[in-house]
Each structure stands twice: as structure tokens, then as C-alpha cells.
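Numbering (the working numbering), first residue to last: 1464 to 1545.
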């Protein structure tokens, strides 16, 4: 799971840096659209970038609800194990 966390954080940092923003604090409870300076398009970009980088699409069988950094990490970790 640590590898997944690191990749998600790195991709998130790239997206925010392109907007001139940065991550001040990132915890498992950090809510993407409330606690970070990002919008839904940024979140969609993150998901696409993660699929390309990790090679896994945890949403292939339908959308799974997530709001926080921790929830997204769990989705990718679980999908990676299957």
C-alpha cells in the first residue's frame, strides 16, 4: 500500500503544481474536493493518470464512491491485489 500511496501523492502533486498550488497536508482523511485546491476535472485527471501509471482501473466494474486520499489508496491497493 505504501507504493500506491506514494504514486497517488506524486500524481496529485503534479496536477496541483500545474495550477501553481501545492499540498500543505495530506492524510488518509484529506478530502480531495474540500481540503485540496482542486476541482472535479483535476480529480478525473488524477484517476486517468493513475490508471496509466499503475496499470489498474479499480472503476472498470462501475464507479466506486470515494472522497478521501485514504479511500482512494484502499481502492487501488485492493484492485492491485486481484
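Where a beta carbon is used, it is the ideal one built from N, C-alpha and C, also for glycine.
Since this is a predicted model, take the numbers as computed values, not measurements.
- The continuous alpha helix (DSSP H) containing residue 1533 extends over residues 1532-1544.
- Around the C-beta of residue 1467, 16 or more other C-beta atoms lie within 10 Å, and the residue is accordingly described as buried.
- Secondary structure of residue 1519 (DSSP, three-state): coil.
- Three or more pairs of CB atoms, one per stretch, sit closer than 8 Å, so the segment 1494-1501 contacts the segment 1529-1543.
- Here residue 1517 really is in contact with residue 1470; their C-beta atoms are around 6 Å apart, less than 8 Å.
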